[in-house]
Amino acid sequence: MSYSSSGYRGAGAKLLSRYSVGVGDSVEVATEDGELVGVLMPRYESASEDYIVIKLKSGYNTGIQVAKIKSITKLPKSEAAAAAAKAEKVSVESKQLPKVALISTGGTIASKVDYRTGGVRAALSASELYASVPELANYASIDPEVLLSEYSENLKPEHWTMIANKVAEKIMAGKYAGIIVSHGTDTMHYTAAALCFALQNLPVPVVLVGAQRSSDRPSSDAALNLLGATAFAARSEVAGVFVAMHAGTSDDTVACHVGTRVRKNHTSRRDAFESIDATPVALVRNGAIEMQQKSEIELAKRRSGADIKLQPNFDGRVILLKYYPGFDPRLIEHAASAGYRAIILEGTGLGHVSKYCFPALQKAADAGVMVCMTSQCIWGRVRMTVYDTGRDLLNIGVIPLSDMISEAATVKAMWALANSKDVESTKKVMQENIANEISSSIPI
41 MSYSSSGYRG AGAKLLSRYS VGVGDSVEVA TEDGELVGVL MPRYESASED
91 YIVIKLKSGY NTGIQVAKIK SITKLPKSEA AAAAAKAEKV SVESKQLPKV
141 ALISTGGTIA SKVDYRTGGV RAALSASELY ASVPELANYA SIDPEVLLSE
191 YSENLKPEHW TMIANKVAEK IMAGKYAGII VSHGTDTMHY TAAALCFALQ
241 NLPVPVVLVG AQRSSDRPSS DAALNLLGAT AFAARSEVAG VFVAMHAGTS
291 DDTVACHVGT RVRKNHTSRR DAFESIDATP VALVRNGAIE MQQKSEIELA
341 KRRSGADIKL QPNFDGRVIL LKYYPGFDPR LIEHAASAGY RAIILEGTGL
391 GHVSKYCFPA LQKAADAGVM VCMTSQCIWG RVRMTVYDTG RDLLNIGVIP
441 LSDMISEAAT VKAMWALANS KDVESTKKVM QENIANEISS SIPI
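Our numbering runs 40 ahead of the 1-based position in the sequence shown.
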């Protein structure tokens, strides 16, 4: 048996070979300090050869020094693995469970960690899914497919088109109660907004889901997020595009957010995603869906049929510029001369930038570049009639985007440019509420 591909070499590899055990085996390790039971894990290739690593029942990994190991006993197939296999069989064969398509684009949901390289790979066969999250069998029969295996920071508008087309294909097949898209968290809110515009008149929920912490960590949010997304996709009475992620730091509740009103607001916390100027549309606790609908969000109802409005194309010639004291107006001039067709400004407060930017903005507007204004503030809406700075910007032709989130505005501009016949129709589309990107009942 070769152990090099699992990161073991030298003394560690010889020890494992002596007892005929390999990565993934359940083992009991007798040491000078007592006995430990767990699953033998792979290692980073640069790690010391004098240790082996097992994952304990608690979920934590522990290293054991080879010199202290007296014996290793390979244990029979665990009850958990048997239960997972049974759960898979029940889920796949049951005709009573709703069928849900799971489209993987990357991220850490149900992924496997390669300890040799430190990377992750998709683990989205039916058997791997149910083995890692056997409770899925209580909610749906999952039909997984790997579309992309990319870190989310590498995704481009053309990837949004691919994802939208794949989702449309699944919906038009007419056999799925809902669609799940697994996705890296860093740009998940961009993709969610893109799907909101590209896929309209949806008959079922399309739920994006990710994990802040990888599935090999005891603090991972992967399993609960996937369970919440599956329950919502399979059984919710609403349709549209949503993001399902932890609602809090405890491991008990998943929040489902509207795709155009959600933002990642923390780098690493499990409850990093929040609805902006809205409330989550639902909370999922123990598989039960608790709708939280408020007046600012209009949700479509689930319906039969597979007819949708698919407009999956995006024009990437859009730039998002954040204003700051000392901002150089030549950045605006450069964007216009570089061929960008739209500029999304993240202005201060109610939607302001310095008067020193006015000539550059006028030049861009005269050249046919669409210029839109959002706010750097997380909550509240742009209101450019309060101060003379805002009124001057309106006179130049800058378009206020109310409480549209900057990320959603950037995506919408790409979509509007690709699906409008001219600049004027694009401007009109930007001010229309298409997918709850503009809310109607927040305080000014």
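Virtual Cβ for every residue (Gly too), placed ideally from N, Cα, C.
In the DSSP assignment, ASN101 forms a beta bridge with LYS95. Exposure of VAL426 is indicated by the presence of fewer than 16 other C-beta atoms within 10 angstroms of its C-beta. Under DSSP, CYS417 takes part in no beta bridge, so it has no partner.
Secondary structure at LYS452: helix, using DSSP grouped into helix, strand and coil. A distance below 7 Å between beta-carbons, with the five flanking residues on each side excluded, links VAL463 to the following residues of its chain, in chain order: GLY408 and MET410. In this chain, the alpha helix (DSSP H) harbouring GLY430 covers 428-436. Residue nearest to LYS108 within the set LEU401, ALA51, LEU142 and HIS297 is ALA51 (criterion: CA-CA distance). Rounded to whole angstroms, the gap between the alpha carbons of GLY430 and PRO320 is 32 Å. In its chain, beyond the 5 residues on either side, LEU195, TRP200, ILE203, HIS223 and LEU248 have a beta carbon closer than 7 Å to the beta carbon of THR231. For the pair ALA318 and VAL294, the CB atoms are not nearer than the 8 Å cut-off. Between the C-alpha atoms of LEU390 and VAL93 there is a straight-line separation of about 55 Å.
Per DSSP, reduced to three states, the secondary structure at ALA217 is coil, with no helix or strand assignment.
By a beta-carbon distance limit of 8 Å, ALA453 contacts CYS412. Their separation comes to about 7 Å. Three or more Cβ pairs drawn from the region 320-330 and the region 270-278 lie within less than 8 Å of each other, which places the two stretches in contact.
Around the CB of PRO399, fewer than 16 other CB atoms lie within 10 Å, so the residue is classed as exposed. Our two residues, TRP419 and LYS95, have alpha carbons roughly 43 Å apart in a direct line. For VAL321, no beta strand (DSSP E) encloses it, and the DSSP letter there is neither H nor E. The beta-carbon separation of VAL106 and LEU55, rounded to 5 Å, stays under the 8 Å limit for a contact. A Cβ-Cβ distance of about 7 Å is found for the pair ILE439 and GLN471, placing them in contact under the 8 Å criterion. Taking 8 Å as the cut-off, the beta carbon of LEU401 is found closer than this to the beta carbon of ILE436. Sorting TYR364, GLU447, PHE354 and VAL422 by C-alpha distance to the C-alpha of ALA456 places PHE354 at the top. Taking 8 Å as the cut-off, the Cβ atoms of HIS229 and LEU264 do not count as close. A Cβ-Cβ contact shorter than 8 Å links LEU385 with TYR363.
Ranked by how close their Cα comes to the Cα of PRO116, the residues SER189, GLY78, SER66 and SER394 have SER66 in first place. Secondary structure within the region 371-427: the beta strand (DSSP E) runs of 3 or more consecutive residues, fully enclosed, are 382-387 and 410-415 (chain order).
In this chain, the alpha helix (DSSP H) harbouring LEU267 covers 262-275.
The continuous alpha helix (DSSP H) containing ILE203 extends over residues 197-212. Note that the C-beta distance between ILE182 and VAL244 is not below 8 Å. Distance from the CA atom of ILE316 to the CA atom of TYR91, rounded to whole angstroms, is 48 Å. Per DSSP, the unbroken beta strand (DSSP E) holding LYS139 starts and ends at 139-144.
Sorting SER60, LYS304, THR113 and THR307 by C-alpha distance to the C-alpha of LEU76 places THR113 at the top. Beta-bridge partners assigned by DSSP to GLY78: VAL67 and LEU96.
When GLU209, THR300, TYR48 and LEU239 are compared, the shortest CA-CA separation from VAL63 is found for TYR48. In the DSSP assignment, SER181 falls outside any alpha helix (DSSP H) and within the unbroken beta strand (DSSP E) covering 181-186.
As computed with DSSP, GLN351 is found in no beta bridge at all.
Comparing C-alpha distances from GLY214 to each of SER344, ARG357, ASP443 and ALA375 shows the shortest one belongs to SER344.
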